[in-house]
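A.B. asks: Numbering (the numbering used here), first residue to last: 462 to 520.
Backbone N, C-alpha and C define an ideal beta-carbon position, used for all residues, glycine too.
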Amino acid sequence: MRLITASVDTWSRVWDLARGGKPEAVLEGHVSLSRGLDVLLDGRCLVSGRRDGVALLWE
Numbered sequence: 462m463r464l465i466t467a468s469v470d471t472w473s474r475v476w477d478l479a480r481g482g483k484p485e486a487v488l489e490g491h492v493s494l495s496r497g498l499d500v501l502l503d504g505r506c507l508v509s510g511r512r513d514g515v516a517l518l519w520e
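Take a look at the structure:
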């Protein structure tokens with residue numbers, strides 16, 4: 462099972478809960494806090510968005 466978080470440091474992190482305390486991926490790209498995260502149904506892509514309308518697609 463994976464958990465995806467967004468933080469005030471502007472980075473999003475993907476955690477593999479079975480692996481413990483280290484993130485599986487750190488996604489850097491936003492210059493301000495992400496306001497929304499969503500994963501596509503196939504689980505291969507993540508979309509993150511900011512309040513100013515900028516969205517990033519992560520594969």
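Check each candidate in His-491, Ala-479, Val-475 and name the one with the smallest Cα separation from Glu-485.
C.D. replies: Nearest to Glu-485 by C-alpha distance, out of His-491, Ala-479, Val-475, is Val-475.
A.B. asks: Could you compute how far the alpha carbon of Glu-489 sits from the alpha carbon of Trp-472?
C.D. replies: Using only the alpha carbons, I get a separation of about 5 angstroms.
A.B. asks: Alpha carbon to alpha carbon, how far is Gly-482 from Leu-464?
C.D. replies: 12 angstroms
A.B. asks: Just list the residues that DSSP pairs Val-508 with in beta bridges.
C.D. replies: Asp-499, Leu-518
A.B. asks: Give me, in chain order, the residues of the same chain whose beta-carbon lies closer than 7 angstroms to that of Asp-477; leave out the 5 immediate sequence neighbours on both sides.
C.D. replies: Arg-463, Glu-485
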